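The structure under discussion appears below in the form of structure tokens.
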Amino acid sequence: MERLDKLLSSTGRWSRKEAEQLIRSGRVTVDGVVAARREEKYPDDAVITVNGEAISAGGYTYLMLNKPAGLVSATEDPRQATVLSLLPEHLRRVGLFPAGRLDRDTVGLLLLTNDGPLAHALLSPVHHVDKIYLAEVEGVLEESDEAAFREGMVLQSGLHCLPAGLERLDESRALVTLHEGKYHQIKRMLAARGKPVRSLKRLTFGPLELDQSLGEGEWRPLTGEEIGALQEAVKPGRP
Ligand code: URA
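Each number in the working numbering comes from the position in the sequence shown (counting from 1) with 5 added on.
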């Protein structure tokens, strides 16, 4: 059981204050009845609507962040600021964590959620949820680099990298598609080709695409369709 204003703010769409105003103006219903009191407690599975639109309280929050450089993809760090520092206070207390890591200097799409089972499934090698990055390198990308990625690479350290996509956009920029997520993977693969990475931006994560209207450091809640697409991507039996 959770307070109604807290259930609403835990979706990431409204602050507690905004939730209070919505409830006071009669725009929130719970199980079909207009809610009158923000302190009323309801179970996680109560059907809540705001302005007639069903919202996914369900206890889980899903945010899309356009990660800026300079922050670590972690919930806490003894020395460095984390991506959670970009969120307002009320969202720092609902147990969000980044689903997967981007390096400190990598920018772009990062999913923040407190839905452990979904995040775990999305990151599991069983589902091969693809990620696409825009990479800019030093040196000139060649057809032989595309071929090396296509075939899969064994790095000097002995690390085996599955076949991956490298699609050249111009001499120094390419779209890289990974079907796995090993530590510094793109940087290591491109360094092994003699083309060190200058910058890296994640554009997609499975069915999620970075919202181009989000500036670096900005975030928004996922839409119902986006959450549904993520759940669909990890349904049992899917490759
Ligand atoms: N590969 C990298 O090298 N770094 C990232 O942040 C993501 C993929």
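All residues carry an ideal CB built from backbone N, CA and C; glycine is no exception.
Quick caveat: nothing in here was measured; it's all calculated off a predicted structure.
Counting C-beta pairs closer than 8 Å gives three or more between the region 216–235 and the region 71–86, which meets the contact rule. Relative to Leu9, the option among Gly17, Gly37, Ile53 and Ser30 whose CA is nearest is Ile53. Every unbroken stretch of the beta strand (DSSP E) spanning 3 or more residues and falling wholly within the region 172–219 is given here in chain order: 178–183 and 202–210. Non-local C-beta neighbours of Ser14 in its own chain, meaning closer than 7 Å and more than five positions away in sequence, comprise Ser20, Arg21, Ala24 and His95, ordered along the chain. Assigned with DSSP and collapsed to three states, Gly144 falls in coil, not helix or strand. In the three-state reduction of the DSSP assignment, Val35 falls in the strand class, which pools E and B. For Arg29, the enclosing alpha helix (DSSP H) covers residues Arg21 to Arg29. Bridge partners of Glu7 according to DSSP: Tyr47. Contact annotation: the region 136–149 touches the region 176–184, with at least three C-beta pairs closer than 8 Å. Each residue's CA atom was taken as its position, placing Ala86 and Leu76 some 5 Å apart.
Set against 7 Å, the gap from the CB of Thr182 to the closest heavy atom of the ligand URA is not smaller.
For Ile137, the Cβ stays outside the 7 Å cut-off from all heavy atoms of the ligand URA. Distance between Met6 and Leu171, taken at the CA atoms: about 49 Å. Taking C-beta atoms as the reference points, Gly100 and Leu128 fail to come closer than 8 Å. By the CB criterion at 8 Å, Thr111 and Leu12 fall outside the cutoff. A direct Cα-Cα distance of roughly 54 Å separates Arg155 from Gln26. Distances between the C-beta of Ile53 and the heavy atoms of the ligand URA are all 7 Å or more. Under the Cβ criterion (8 Å, minimum of three pairs), the region 112–127 does not count as touching the region 158–175. Taking C-alpha positions only, Val35 is separated from Glu44 by approximately 13 Å. A straight line joining the alpha-carbon of Gly233 with that of Phe102 spans about 19 Å.
Ala126 counts as buried, since no fewer than 16 other beta carbons sit within 10 angstroms of its beta carbon. The beta-bridge partner set that DSSP reports for Phe102 consists of Thr118.
The beta carbon of Pro201 lies closer than 8 Å to those of Val142, Glu143, Gly144, Lys192 and Leu195 in the same chain, with the five residues before and after it left out.
Take Glu231, set aside five residues on each side of it, and the residues of its chain with a beta-carbon closer than 8 Å to its own are Tyr67, Met69, Pro212 and Leu213, in chain order.
Taking C-beta atoms under 8 Å as the contact rule, Leu146 and Glu176 qualify, at a distance of about 6 Å.
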